[in-house]
Amino acid sequence: MRRRGAAGAGGRLLLLLLPRGALLLLGVCNALSLEIKASPKVRAFVGEQVLLKCSFKSSSPITENLLVDWTYRPLTGGPMERVFHYQSIPYPTAAGRFKDRISWAGNVANGDASIAVQSPELSDNGTFICSVKNPPDVYHNLPQTVLLVTERGKLSSAALLSILVFAPSILVVVLLLVRMGRKFRAVKEKGKCGYKKSSIEVSDDRMCCMCELCVLHFGVKSP
Ligand SMILES: *[C@@H]1O[C@H](CO)[C@@H](O)[C@H](O)[C@H]1NC(C)=O
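Put into structure tokens, the structure is as follows:
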């Protein structure tokens, strides 16, 4: 209460002292003082609990007035519905698609407003939006989290085929590249020897040729 009074007085003082442009800027900064982060995409498997993360940063101290709301809209379209509400304590929805399937996994003191969805179903594909209000911080971005639920372990035939075809070909390409690299190195060594031959004594030259032999023996014609 005292703080709010002081802020009010400060605000009036600013109003007198600051030109309009600066006031506008101050307003914008104030509007962005609550920042929310959520993962843009979350994959889940049918029947396996999934965490929908949401974290927030507020420039105001966190009080019991803090509100968290999670809304949901199916990917196939349709109206938005509120699926979770938090104020001091969690209020899971008592009706609708996610009835008794969403639990609180957050901790507002740590800026965490995450929830968990129990036993996701294929038809749960959709967009979740985490919204936090920490008066007087109420304006913020609305990051969306797309939830995609798939069946675990059932590889589609297309995926299976690509694994069967692409994995061996990638292996062959890698092996070829390695061999080519070795050959290039061998050729380079040869080049060096040829250059050395003209300027440096014979013993050095022989060493080089031995090297070359090594490359030939172990690199290419390996025993
Ligand atoms: C949900 O999304 C996943 C991944 O895109 C898809 O495999 C699944 O069929 C979708 N479910 C429905 C009901 O459309």
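Going by full-length UniProt numbering, the letters in the sequence shown line up with residues 1 to 223, in that order.
Heads up, the beta-carbon is just placed ideally off N, CA and C, and yes, glycines get one too.
Residue nearest to residue i in terms of C-alpha spacing, selected from the options
i	options	result
residue 86	115, 189, 179, 38	115
residue 125	65, 59, 77, 185	77
residue 71	83, 60, 138	83
residue 60	111, 49, 39	111
residue 102	118, 109, 95, 113	118
residue 113	123, 143, 96	143
residue 39	159, 174, 157, 128	128
residue 73	57, 159, 157, 97	97
residue 37	138, 43, 95, 56	56
residue 62	136, 146, 122, 157	136
residue 58	157, 175, 79, 33	33
residue 35	174, 138, 157	138
Rounded C-alpha distance that separates residue i from residue j
i	j	result
residue 189	residue 54	58 Å
residue 133	residue 107	14 Å
residue 120	residue 51	11 Å
residue 67	residue 49	24 Å
residue 224	residue 177	This structure leaves residue 224 out entirely; the chain is present only between 1 and 223.
residue 253	residue 47	A query on residue 253 cannot be resolved here, the shown segment of the chain reaching from 1 to 223 and no further.
residue 200	residue 172	Any answer about residue 200 is weak, because its pLDDT of 46 lies below 50 and its placement is not dependable; what the coordinates show is given next. Rounded to whole angstroms, residue 200 to residue 172 spans 41 Å at the Cα level.
residue 196	residue 181	Low confidence applies to residue 196: its pLDDT is 47, below 50, so where it sits in the model is not reliable enough to give any reading.
residue 187	residue 164	36 Å
residue 167	residue 179	19 Å
residue 41	residue 64	30 Å
residue 296	residue 185	Since the first residue of the chain shown is 1 and the last is 223, residue 296 is not available in this structure.
residue 140	residue 162	44 Å
residue 105	residue 183	58 Å
residue 122	residue 146	13 Å
residue 44	residue 160	20 Å
residue 30	residue 109	Summary for residue 30: the model assigns pLDDT 49, below 50, so the residue's position carries little reliability; its value from the coordinates is reported in the next sentence. Rounded to the nearest angstrom, the two C-alpha atoms are 21 Å apart.
residue 95	residue 81	10 Å
residue 175	residue 158	26 Å
residue 100	residue 79	20 Å
First through last residue of the beta strand (DSSP E) which encompasses residue i
i	result
residue 102	102–104
residue 45	41–45
residue 91	89–92
residue 60	Careful: residue 60 lies outside any beta strand (DSSP E) and carries neither H nor E.
residue 128	126–133
residue 35	34–38
residue 116	115–117
residue 144	144–150
C-beta neighbour in chain B for residue i, strict 8 Å
i	result
residue 130	The question asks about chain B, but that chain is absent: this structure has only one protein chain.
**OP:** Taking 8 Å as the threshold, find out whether the segment 143–160 comes into contact with the segment 85–97 through three or more Cβ pairs.
**Re:** no
Original post:
What residues sit near ligand 1, counting only those whose C-beta is closer than 6 Å to one of its heavy atoms, in chain order?
Top reply: 122, 123, 125, 148, 149, 150
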